[in-house]
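Residue numbers (full-length UniProt numbering): 1 to 264.
The structure under discussion appears below in the form of structure tokens.
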Ligand SMILES: [Cu+2]
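In structure tokens form, the structure reads like this:
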């Protein structure tokens, strides 16, 4: 959910008092692996406010893997913890990095199920099932396959080789079924390596774009700038988790990351 600025927020400890939304993120070092680039790929897994650049503390994910050619591989052992922060944050936060090698042609969909994150400001847990697709050596095959997560965005637009200004279309699934009129939050990753200039939002409403899916769970968004774009479809889980002896609701997000390039 978009962060509401609570009047009590200042009284509470370690709150996100941001105008932006939380996003799980998997950001690869490149959206395309080619014979020129070589087979090596770095991945960074984060829990962030993408537009504002703020990091949140992230525990090790429960699941971190890749789907290629219909086969899933576990990448959890490849993850290692690092610390980082945005320029205007005071302390460092944990995020996770991995290196992998893409040897065979085709699409590689990386996916993550994070450890539930307790958010006191919203009195709930947050679990963002996060995906990103990297194409290897030009064989365009596999990007439109679901991973089979509790909730996920399945792209209807091929999610790489996109120019800025292109329309990204996707379908929101929950338990494999389309989610009608799902709310989807969209944010630009200000720390995208190819962002020429940090964007400061002129008002809170510009930080997170909000769109809804249609009756078939399909949504569209035209991405106005080169870099990484995050799409996050949120709903409440039909299960709860315990926090200090009480059962609490769980916000589940289907998050998908897409890269665009300036047309020049
Ligand atoms: Cu936050």
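Don't be surprised by glycine CBs; every beta carbon is placed ideally from N, CA and C.
1. Could you tell me whether any non-hydrogen atom of ligand 1 is closer than 6 Å to the CB of residue 56?
2. Looking only at its chain, what residues have a beta carbon closer than 8 Å to the beta carbon of residue 7, apart from the 5 residues adjacent to it on each side?
3. Quick one: complete alpha helix (DSSP H) runs, 4+ long, within the stretch 15-79?
4. Please go through the same chain and pick out, in chain order, the residues whose beta-carbon is closer than 6 Å to the beta-carbon of residue 253, but skip the five residues on each side of it.
5. Put residue 81 into one of helix, strand or coil per three-state DSSP.
6. Can you give me the C-alpha to C-alpha distance between residue 168 and residue 187, rounded to a whole angstrom?
7. Quick one: what's residue 98 bridged to in DSSP?
8. Nearer than 6 Å: is that true of the beta carbon of residue 22 relative to any heavy atom of ligand 1?
9. Three or more beta-carbon pairs under 8 Å between the stretch 210-217 and the stretch 245-263, yes or no?
10. So residue 189 packs on residue 230, CB below 8 Å; how close in whole Å?
11. In or out: residue 107 buried (at least 16 other Cβ within 10 Å) or exposed?
12. So, is residue 227 buried or exposed, given that buried needs 16 or more other C-beta atoms within 10 angstroms?
13. For residue 204, does the three-state DSSP call read helix, strand or coil?
14. Looking at the unbroken beta strand (DSSP E) that takes in residue 228, where does it start and where does it end?
15. Please indicate yes or no: does the CB of residue 84 lie closer than 6 Å to some heavy atom of ligand 3?
16. Can you say whether residue 265 is buried or exposed, counting buried as having 16 or more other CB atoms within 10 angstroms of its CB?
17. Give me the DSSP bridge partner(s) of residue 264.
18. Taking 7 Å as the threshold (C-beta atoms), are residue 25 and residue 208 in contact?
19. Do you know offhand how far residue 98's Cα is from residue 140's?
20. Among residues of its own chain, excluding the 5 on either side of residue 161, which ones have a beta-carbon nearer than 6 Å to its beta-carbon?
21. So, for residue 146: in the same chain, excluding its five sequence neighbours on each side, which residues have a beta-carbon less than 8 Å away from its beta-carbon?
22. Assuming residue 66 and residue 136 form a contact by the criterion Cβ under 8 Å, report the distance between their Cβ atoms to the nearest whole angstrom.
23. Helix, strand or coil: how does DSSP classify residue 154 here?
Reading off the structure:
1. yes
2. With a pLDDT of only 39 at residue 7, under the threshold of 50, the placement of this residue in the model should not be trusted; the figure read from the coordinates follows. Closer than 8 Å at Cβ, skipping near neighbours: no residue.
3. none
4. 128, 232 and 234
5. strand
6. 13 Å
7. 43
8. yes
9. no
10. 6 Å
11. buried
12. buried
13. helix
14. 227-243
15. Absence of ligand 3 from the depicted structure is noted, with ligand 1 being the only ligands included.
16. Residue 265 lies beyond the residue range present for the chain, which begins at 1 and ends at 264; the question has no answer from this structure.
17. Paired residue(s): none; residue 264 is not in a bridge.
18. no
19. 24 Å
20. none
21. 152, 154, 173 and 176
22. The pair is not a contact, with the Cβ atoms about 11 Å apart (cut-off 8 Å).
23. strand
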